[in-house]
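Notes for the one structure printed next.
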Amino acid sequence: MKRTGVFVCHCGINIAGTVDVKKAAKELSKHKGVVHSEDYVYMCSDPGQNLILDAIKEKKLDNVVIACCSPTLHETTFRNASKSAGLNEFQCEIANIREQCSWVHKDMDKATEKAIKITKSAVEKVRRNESLEPISIPVTRRALVIGGGIAGIQSALDLANTGYEVILVERSPSIGGHMIQLSETFPTLDCSQCILTPKMVEVSKHSNIKLMTSSEIQEISGYVGNFKAKILKKPTYVDADKCTLCDECTKVCPVVVSNEFDLGLTGRRAIYIPFPQAIPATYTLDISACPGLLPIACGKCADVCEPGAIDFDMKPEIIEEEVGAIIVASGFDLYEKEMMGEYGYGKYPDVLDGLQFERLLSASGPTMGKVLRPSDHKEPKEVVFIQCAGSRDPELHCPYCSKICCMYTAKHAMLYKHHVHDGQAYIFYIDIRSGGKGYEEFVQRAVEEDGVLYLRGKVSKIFEEKGKIKVWGVDTLAGKDIEIDADMVVLATAMRPSEGAEELAKKLKIALDKDGFLSEAHPKLRPVESVTSGMFLAGAAQAPKDIPEAVAQASGAAAKAIAILSQERLFHAPTVAKVNVNLCTGCGMCVDVCPYDSLSLKDGKVEVNEVLCEGCGTCSATCLRAAIQIRNLTPLQVSEMIKVSLGG
Amino acid sequence: MVNLEDLKNEAHKLLKEGTVKYIIGYERGTNGLLPIPAFIKNPEDVERLIWDPTCVFNLTRFLVDEKRRKASEKEPDERPVGVIVKGCDSRALVVLLQEKFINRDDVYILGVSCEEAGVLDEKKLAKTLKGKKAKNIEFTKNDNFVVMTEDGKTEISAKEILAERCLECKANFPVIYDILLGEKVKRKSDKPFGSLEKFESLSKEERWTFWKEQLDKCIRCYACRSVCPMCYCDECVADTINFAVTADTTAEEKAQKIKWAEKSPVTSENFVYHLVRAIHLAGRCIDCGECERVCPLDIPLRLLNKKLEKEAKELFDYEVGFDPDQPSLVSSFKDEDPEDFIR
Amino acid sequence: MAEEFEPKIVAFLCKWCSSAGSDLAGVSRMEYPPNVVPITVMCSGSVSPLYIFSAFKRGADGVLVSGCHPGDCHYIKGNFYARRRIALVKKLLDYIGLEPQRFQMSWVSAAEGKKYTQIIKDFVQELKPLGPQTKLRSNS
Amino acid sequence: MEKILTKKSFPQWVKKLSLYKIYAPVRDNDICNLEAIDNPESIDLDCSNTVLSPKKIIFPQREIYLEFETSDENKLQVKEILPEETPSVIFGVRPCDAKALTLTDKVFSGDFKDPYYWKRRNSTTLIGLACNIPPSPNCFCLSVGGSPHSKEGLDILMTDLGDKYFVESLSEKGSTLINLAKPLFQQPKAADKKAVEKTQAEAEKKIVRQIKDIKKIPSILENMFDSPLWDKESLSCLRCGICTYLCPTCHCFDINDEVSSSSPVKGKRVRTWDNCQFPDFTMHSSGHNPRPDRSSRLRQRILHKFQYFVELYKDYQCTGCGRCISKCPVGIDIIEVLDKVSDYGS
Amino acid sequence: MVHNDYIPKLAHILEIKEEVGGARPIKTFRTQFQNKNDFSFRCGQCAMLSVFGKGESMISISSSPLVKDYLQFSILKMGRVTSALHEMQPGDIIGIRGPYGNGFPIKDWKGKNLIFIGGGIGLAPIWSVLNTALGKKEEYGDLTLIYGARTSKDLVFREELEEIKKKIAVHLSIDVEESDWNEFVGFVPQNVTDKKPSPNNAITITCGPPIMIKFVIKALEDLGFKDEQIYTTVENKMKCGIGKCGRCNIGSHYVCKDGPVYSWAELKKLPQEY
């Protein structure tokens, strides 16, 4: 029979003041299997720990129970002590007789009785504990970053600069994300391209970064430290190494389609470069716009390409990569235009969204930095900006605040005034949210220095009349109706998860929140981790955020990833689920409930991926056959604990 | 109305063409009015098949045996087994599919619709006949049953002698089938949980007295469990009988088997057994009523299972046995699940 | 005079919230009756109906299952499964005529030492008038 | 001793037996149970046979053998528990069930006389009730050496004669009971005796079910161990325990320790009914099972009753009560099975 | 008072010896009754051992009836009760009832050559009769032991076997080759064939796993042994030990009462339900 030692701590008077520790030790010495039982004033002190060590050796104890304070305080202490005496750490259990007993009771007899039950319960548990070693997992010391916006770029660079290989996957032909479309950035009004392009170049030049553009994640399998990614690399039909950016091909390309980089404000050819500073710096053939390759319908671009960079035979490729950690920075999109019909979006050409306006403001934009109306290329003199277009509208649109719109609308109004000095900017707003370093001052500057007119209220109607856009609204502060004959309306459209985020989340097996953003593991304490161990979140994919926040989170995610990659092996608590295959019928109910996807069915039986299992035990309570249980907290252990807790 | 000849013809065809390896159906027995399960292999034996209001058994239970038999065979016949199912039975099949216990390909479903009627309650019939013995009982086109006794034919309104569960039926025709015999007559029970009403209106102490009296009768013959298609576990957690011991089961594993309920048929142990069974059938029981029918001591087991069926519906809007792809009751949740009972 | 009946309660506390909450009650020296013996489990989602029936069979006068508040589960969603499972067990026990007060569930976060204290106080108060639980208790 | 007791006086007789614990058939909705009763009015002698036979009183489903307990000084103590010898009377015992007790008597005798069984058996008086109408459509007592008015194993046999009972005392125990209420009983008239004879003769005719060739069956069975019949007949068997638990002659049991406290160890050793139709009945702790399937278990039930028991005790271990047939959830019919056995023999 | 055979007598464990370790451990227990020892038994009989709170298990007695100081049991850890026994310490109390079963008909074997053939834990019942024969060696002819196990570590009574080797012919075997093993490598039936014991005036007693017994019997038949010369023991699940609980029966036989010792001639007549 296993030999158990019990050590009852006085904790000075903290325990001994309410629990008769001598009596407890004596009673426990009578418990079946207990061959040693003693009390001491401070078990956690060196002499206290030595008592335990000596007893383990002298009495040949198989396991020990320390009746003391909460396990959150000294479980590690005592487990280490037991280890040093040659016991497995799981052969040591803590009976919490301080926080859960002596500190909350006054009646000594009853507290003592309860302390004895709590300790017996720990004895029954420890006697049935398996000796387990932490599960050790080798780590593939490379990372995958999904998304080549500012967040993905930052994470990739942080990782690469620390010395780890990174695969950066971007589905569009160039990295840069939405940030590269911006004109200037609040609150400092730096030129967005000026601060981003050096980073993009660094990415392209970095020996630790393998950049894969026009690529998408097809499948992710494996687990922390050992993910396998299948990446679909779509053909661009242009050999980037050969392309000299001579631009001859676009001159002959007969097809013109809307240019997504300028959000449709301009056009581009079927063969094109997304924008001049694109990384990788190469042209791409948009196959959906091209008249066709099978058979080659046109082929003019290839004809004129002197270096012979155009290769119509390019095929999609599946590239498999093994990585130890994954950072998801899949970014955001603007709220669908069709959804904003009430503001005349899509109906009136001079009703723009925020990003379109950014392009108009951009020095490299369709108007070369001049603010002109798309409809007639005239300078707008009255511009109405509408905040919360789609945000904070639980009935019709998105319930959440998109967070950046207050600031960028202020910036838009300000920049508009910088371009059109005699123009008037109106901003309809619900509240101004300008929390952030220098943000409030920035908004004040817009009002005070640039005379932007803030109107608190909602717009009720927008319609076109005599070449003007009539904006009806209410100024709730002044309490009067407002009617503006605007030349242009700019909507601060809501941010939403980028298209395909849901599909991506499914492939990664990470959860989405109710708005479709990726869910962090804990809203306060684990904001950059996903619920899946080894997968981290960065940027607006997790929630609307501005550039500094996205960058901060990206660096945070990189640091978290580095915490994994910096180790040769990972260690995981071994108190995980265990399956009795004789009992398992493969119904899959446990698979349904596992929050970590650690269970799967194979040949009609469930299998545990011990690396993913966190040991919560929900599977064991769900299984009708007790075919799955958590090591060291098995139904047998609990049933014995119940028995002694009730005095049996 | 299901034409028995059609059923025989279909069965004959399936056997003759070798589509199925055998067919589980009903045939006349020798022990009384109720039929016995028929396992028909030869096409000519389809003549034995019957279909009438006495066909109460849920034959999907025998798919559990079939699965075990097949697993033990070296070179199993991979053809499906044909099984005759009523609406309720088909829902059991759906749960078995949902729990991946059987593959859809392993079963060929001959669905029979109960249409306006259902199957009979032998006890109700006995009361109605007041001592006369029924020899034969048939469906009619209207919803009456024709009962043959030693005194000749009488027509009895089906409502009078239908099993309680048929009066509360949710699927009077099969929800899943390969061949359907009879019409898909939509019929909605006005009181799907009618049998609970009387009981639920009792006081707490009355309820306790009732259940104690009932469960104290239990002799743990386990007929309720044995007849239940959902009780397909190799080993029941609720009692100590070990079925699932193999050569690789270690001494520790055997020694550590927990006795949640002792073998003694005393109040505490009988309650553990029946409570565990009830809770394990929550969201799985399709109310075929077999447990109650086979209980030699007439313990009203349906009342237990029906209660949890009702709670599943009312608390979680969960209905059993219509969708093989829905997650199980206890392996799913909704954010808005009630929690008014939680402090 | 007969001694006042002291109910025996088994409390299944999830490690991360409710057990931590009861620790906080201790650290804050909030007094509550000593009738409850806590059993710390990893998650309220791991509390099998068998544990509950077994506790009553072993003579518990009351059983408490306590977990993290919805949305706060350390294991993301274990408490949601617990909520559903426990609801069914509660309905079943009530149905067979066990006093509903005897089986309780609570959400107690790591910060709710006070709430834990109150729950135990209330539980004991509610159980006292009921007397010993003999319905499901084993006599052997 | 032969007496007449009017039906009106019957409850008074029962009342006179206040020193005895009384068991009798009691109606519970659609079934009848044999139960301890306080009020003679609750007795229902018109019941069909009770779900469980008097076996449940003489050989109760749960019997405590001993109690064990470890003292504080770690000393283990074992206390033998024997049933109290409460004088008991069982009314309404059907002849088949009385005969069944004569069969279990044989099992619990031998080199070792089972004290639990015999203490209960010896303190119980069995008052039979002849079956004027077969209590079950599946009665077949005539085939296995019984009859609806057999006296075997009974202390008293009562025959229903309409408004009165013809009461025959068959043992000293029986006479004692009659003597306790002497004034209630009258001497039978010749007509009464005639009526009894007539009733009995008619009763036999009403038993419709019978085994074809029972005499040959034991010897045919000797060569049927490997017959394919068992596979066929057991196809629908659910492996429940109805046939055996309800059988008045089945006597298999299990012994288990029930623990109320594991430290210090405290508990009881109890015997409970067990039965050969449960798959684990014969399973070795290695997992090896000499009777691994339904067919071997059905075969065991039949062979035990109609071959092995005959070899050991020169009688069938079956009294034709028909319970296993009527209550089998899937209609496995022992008469049919035996008839098929006969067919195999011929 | 009625004698109640269901109530075990209390005994304490004197000594525990670990015979075999690993996943299928075997320990030998020597026990002594708390009160007067009126427990007389024959070789090959069994006793029902109780661990109170866990239950009972039928175990063959491996000591010789000639030894009066203790009862010896060698037990393979197999299920609930045997696991509990393996957890016990000297001084712990168990219950013993019995003896049960028929035992070996050694009286009929006087003057005959006895060949003992065992495999694994099957040596336990043989050990009792072997030691009894050794104790009265003059009453019998030649004694031979053929014994094997999976590996050398699975052999029980290793020290005692060394002693016995000095007195009688002992042929050991292990299933798979090991370094430092000088004796036979192969299964026990192969060793039997290899050693070719003579059927003349001989009785064989064979115990071990069912599959071994099956092939040993075949080997013996090939060597010319008659069914009546071959004895073996049968195991079945048992509860009461006295032929009432109905668990161990093979045909009309109750192994607990009418067995466990059978000659091959007798066993052949019984249905194969063991």
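Chains as they are written, first to last, in our numbering: chain A, -8 to 639; chain B, 743 to 1085; chain C, 923 to 1062; chain D, 50 to 395; chain E, 9 to 282.
We treat Cβ as the ideally placed atom computed from N, Cα and C, and that holds for glycine.
Quantities reported herein were computed from a predicted structural model and do not represent experimental measurements.
Residue i versus residue j: straight-line alpha-carbon distance, rounded
i, j, result
"residue 182/D", "residue 249/D", "10 Å"
"residue 326/A", "residue 203/A", "27 Å"
"residue 110/E", "residue 937/C", "58 Å"
"residue 387/A", "residue 356/A", "33 Å"
"residue 361/A", "residue 311/A", "46 Å"
"residue 335/A", "residue 237/A", "41 Å"
"residue 231/D", "residue 130/D", "37 Å"
"residue 29/E", "residue 166/E", "13 Å"
"residue 1058/C", "residue 45/E", "44 Å"
"residue 323/D", "residue 964/B", "12 Å"
"residue 38/E", "residue 59/E", "15 Å"
"residue 606/A", "residue 523/A", "14 Å"
"residue 1083/B", "residue 1028/C", "8 Å"
"residue 284/D", "residue 915/B", "27 Å"
Partners in chain B for residue i, counting only beta-carbon separations shorter than 8 Å
i, result
"residue 114/A", "Result: empty, since nearest Cβ-Cβ is about 17 Å, beyond 8 Å."
Own chain, CB closer than 6 Å to residue i, minus 5 neighbours either side, in chain order
i, result
"residue 156/A", "133 and 199"
"residue 268/E", "109, 241 and 242"
"residue 233/E", "207"
8 Å CB neighbourhood of residue i in its chain, flanking five on each side removed
i, result
"residue 931/C", "957, 958, 959, 982, 983, 984, 985, 986, 1042, 1045, 1046 and 1049"
Chain-ordered neighbours of residue i on chain A, where CB pairs are closer than 8 Å
i, result
"residue 976/B", "573, 574, 576 and 616"
Pair within 7 Å by beta-carbon distance, residue i and residue j
i, j, result
"residue 636/A", "residue 112/A", "yes"
"residue 1037/C", "residue 1025/C", "no"
"residue 211/E", "residue 272/E", "no"
"residue 55/A", "residue 73/A", "yes"
"residue 973/C", "residue 567/A", "no"
"residue 149/D", "residue 297/D", "yes"
Cross-chain neighbours of residue i in chain E, by beta carbon under 8 Å
i, result
"residue 304/D", "14, 63, 64, 247, 248 and 253"
"residue 361/D", "260"
Partner residues on chain C for residue i, Cβ-Cβ distance less than 7 Å
i, result
"residue 1080/B", "1009"
Chain-ordered chain B contacts of residue i [CB-CB under 7 Å]
i, result
"residue 268/D", "Those within 7 Å of residue 268/D in chain B number zero; the least Cβ separation is about 24 Å."
Residues of its chain near residue i, where Cβ-Cβ distance is below 7 Å and the 5 sequence neighbours each way are ignored
i, result
"residue 111/D", "319 and 321"
"residue 140/E", "51, 72, 73, 74 and 114"
"residue 974/B", "806 and 843"
Contacts that residue i makes with chain C (C-beta to C-beta distance below 8 Å)
i, result
"residue 1018/B", "971, 972 and 975"
Contact set between residue i and chain A, taken where Cβ atoms lie within less than 7 Å
i, result
"residue 925/C", "Near residue 925/C there are no residues of chain A at all, since even the closest Cβ is about 12 Å away, more than 7 Å."
Partner residues on chain F for residue i, Cβ-Cβ distance less than 7 Å
i, result
"residue 1018/C", "Checking the listed chains, one finds no chain F in this structure; the protein chains it contains are A, B, C, D and E."
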